[in-house]
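Numbering (my numbering), first residue to last: 737 to 1199.
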Amino acid sequence: MFRPHTLFAAVCVGLLFLVSGSSGQRPQDGHGNNRKGGVLDANLCRTPFYNTGKIGGFLGYTVEYPIGSGHQQLDAVAPLVITRITDRHGVRHACCETAYGHVPSDKSPDGTPWIYEPLPGFCNENQLEAAISDDPYTWPDSWPDKMGDLYDPGWPGRWNGYFDKGVKNADLETYFVIDDNPDIEFDYQPDAEDPLRHGLGTQMYIRGLQWNNVLTESHNFWIYEIENEGTTDYDSVYFALFADFKIGGEDEDVAGYNATLDIAYCYDFDNTGFPGAYKPVVALCWAYLESPTSGYDGRDNDEDGLVDERRDDGLDNNGDWAIFTDENKNGRWDIGEPLNDDLGSDGIGPYDEGYSGPDTGEGDGLPTHGEPSFDEKDIEEGDMIGLTGFWSGNYGDRRDHDDDELVLQWCHQTIGKHADEYYFASNLGAWWHSGPSIHPAKTFQRFSFSMYYADGQTTTAQV
737 MFRPHTLFAA
747 VCVGLLFLVS
757 GSSGQRPQDG
767 HGNNRKGGVL
777 DANLCRTPFY
787 NTGKIGGFLG
797 YTVEYPIGSG
807 HQQLDAVAPL
817 VITRITDRHG
827 VRHACCETAY
837 GHVPSDKSPD
847 GTPWIYEPLP
857 GFCNENQLEA
867 AISDDPYTWP
877 DSWPDKMGDL
887 YDPGWPGRWN
897 GYFDKGVKNA
907 DLETYFVIDD
917 NPDIEFDYQP
927 DAEDPLRHGL
937 GTQMYIRGLQ
947 WNNVLTESHN
957 FWIYEIENEG
967 TTDYDSVYFA
977 LFADFKIGGE
987 DEDVAGYNAT
997 LDIAYCYDFD
1007 NTGFPGAYKP
1017 VVALCWAYLE
1027 SPTSGYDGRD
1037 NDEDGLVDER
1047 RDDGLDNNGD
1057 WAIFTDENKN
1067 GRWDIGEPLN
1077 DDLGSDGIGP
1087 YDEGYSGPDT
1097 GEGDGLPTHG
1107 EPSFDEKDIE
1117 EGDMIGLTGF
1127 WSGNYGDRRD
1137 HDDDELVLQW
1147 CHQTIGKHAD
1157 EYYFASNLGA
1167 WWHSGPSIHP
1177 AKTFQRFSFS
1187 MYYADGQTTT
1197 AQV
């Protein structure tokens, strides 16, 4: 059962939620030609990443804390989606979709990776970096996922922020989209309406954010929204992360998981870092703010008093969306009256930067997608199942993700097994997942976490 970590519920959540030619590759789908990278460095964390979903080294930068110290803390971490499919011949297969550059993955005979790849159009294609909020040169002319805005199609010249159009609440933010269309390993069609769609038919919207203040200066926030674009309902999906740690060097690392707080962590056993035998060595932790949901099982998985609530059902499940304040009691919104959450689909009002006028749903007295405290913008409207599996050990034991059946077996083997600690004196890896969960066609699943550092941690209790 998932209960958001109380510290982050009070502080961090408040901040976050205020292929080959024969495959028929479509121009709007993911492709290796669209790979870019970037670095989040707005606080004490230097966090390089790729727009493939991998967090790890880019252009010589490493995952470093504190910034400028030269202390590398992580080689890489990346998401995976694993489930079982039935191909056109009725044969069942395990299918694992993973990110580029992290682990060995499935490939075509000509070496083309069958993996998640970035979509075009979510950055300036004429340079090397993924889109970053503080550098308009990295932005696209228009955002592909905002072309449906009737009042400002594509949001040209505006940042496509988590906190809506032009809003830069975080000191630094990146945004990109990947999909699994390059995966043509199986004779499988996830979308009956599109014969050119491959993989599982999933698309992943990814954001990384940093704030530079005393409460969050050691934190990186990552948000993953996984859309099932196809017409296939999946009844048993695992959403996983796989990490290759390097806390204080590659030796004498300890990893563990706290099921009560939903935190996975790694620290150096002897608290001595390499190079230079520096002390203390930090702990690297993942605190889960949001997990995939199970809104179809008739259970109150997160023990909030609501059963089967969802973030895509068009309902204000918990009743916290605030209508405009009707000060003159005439039954409609008038200029000058507080809009509260009734801001319209772009999520901003007359007093916000980037406001260009009224938009769909603004001041209409009804919740609209894109407004605060409603559906996808309200973390509490999901019936979260929490983290359900954890493993740590020799990184090489789970490095190879080119055997889909084996990867699915790992999910089955680790479900519900919350190890306290695992000591390994060489190259430590860790795997944690949420699932199995249902992922119907045309719906989203989400998870988000704070990747943060704790100074001088050498015991589980201190973490």
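Note that beta-carbon positions come from the ideal geometry of N, C-alpha and C, so glycine has one too.
Values in this document were obtained by computation on a predicted structure and should not be read as measured data.
For aspartate 881, the secondary structure class from DSSP, reduced to helix, strand or coil, is helix. Going by C-alpha positions, leucine 795 is about 9 Å away from proline 784. Going by DSSP, glutamine 1149 is part of the alpha helix (DSSP H) stretching over 1140-1150. A contact is defined here as three or more CB-CB pairs under 8 Å, and the segment 937-957 fails this definition with respect to the segment 1132-1146. Inclusion of glycine 1083 and lysine 901 in the CB contact set at 8 Å is warranted, their separation being smaller than that value. Taking a C-beta distance under 8 Å as the contact criterion, lysine 1015 and glutamine 808 do not qualify as a contact pair.
In the structure shown, the three-state DSSP call for asparagine 956 is strand. Under a 10 Å Cβ-count criterion, glutamine 946 is classified as buried, with 16 or more other Cβ atoms of the shown protein chains found around its own Cβ.
Sixteen is the threshold: since fewer than 16 other Cβ atoms of the shown chains lie within 10 Å of the Cβ of proline 1011, the residue is exposed. One Cα belongs to glycine 1090, the other to histidine 1105, and the distance between them is close to 19 Å.
When DSSP states are grouped into helix, strand and coil, aspartate 871 belongs to the strand group.
Note that the C-beta distance between phenylalanine 957 and valine 817 is not below 8 Å. For leucine 776, the enclosing beta strand (DSSP E) stretches over residues 773-776. With a contact defined as Cβ atoms closer than 8 Å, leucine 776 and leucine 908 qualify at about 5 Å. Per DSSP, serine 805 has no beta-bridge partner at all. A distance below 8 Å between beta-carbons, with the five flanking residues on each side excluded, links glycine 1085 to the following residues of its chain, in chain order: Leu1075, Leu1079, Tyr1091, Glu1098. Judged by DSSP secondary structure, phenylalanine 1185 falls within the beta strand (DSSP E) whose first and last residues are 1180-1190. Scanning its chain for C-beta atoms nearer than 7 Å, with the 5 sequence neighbours on each side dropped, one finds around threonine 968 the residues Pro926, Gly937, Ala1177, in chain order. 8 Å or more divides the Cβ of serine 972 from the Cβ of tryptophan 1057. In the structure shown, the three-state DSSP call for aspartate 1078 is coil. According to the DSSP assignment, serine 1128 belongs to the beta strand (DSSP E) that extends over 1125-1130.
Excluding residues up to 5 positions away in sequence, Tyr873, Thr874, Trp875, Pro876 lie with their Cβ nearer than 7 Å to the Cβ of asparagine 860 in the same chain.
In the structure shown, the three-state DSSP call for asparagine 994 is strand.
A buried status is given to arginine 1134, since no fewer than 16 other beta-carbon atoms sit within 10 Å of its beta-carbon.
Per DSSP, reduced to three states, the secondary structure at glycine 1099 is coil, with no helix or strand assignment.
Around the Cβ of threonine 1061, a 10 Å sphere holds fewer than 16 other Cβ atoms; the residue is exposed. About 6 Å separates the beta carbons of leucine 1020 and leucine 810, which is inside the 8 Å limit, making them a contact pair. The count of Cβ pairs closer than 8 Å, one atom from the segment 1125-1133 and one from the segment 979-999, reaches three, so the stretches are in contact.
Assignment of glycine 1009 by DSSP, reduced to helix, strand and coil, places it in the strand class. Here DSSP, grouped into helix, strand and coil, assigns glycine 1165 to strand. Excluding its 5 nearest sequence neighbours in each direction, glutamate 961 has C-beta neighbours in its own chain below 6 Å: Tyr941, Phe1180, Arg1182, listed in chain order.
Scanning its chain for C-beta atoms nearer than 8 Å, with the 5 sequence neighbours on each side dropped, one finds around proline 889 the residues Ser878, Lys882, Met883, in chain order. A buried status is given to isoleucine 868, since no fewer than 16 other beta-carbon atoms sit within 10 Å of its beta-carbon.
About 5 Å separates the beta carbons of aspartate 1006 and glutamate 988, which is inside the 8 Å limit, making them a contact pair.
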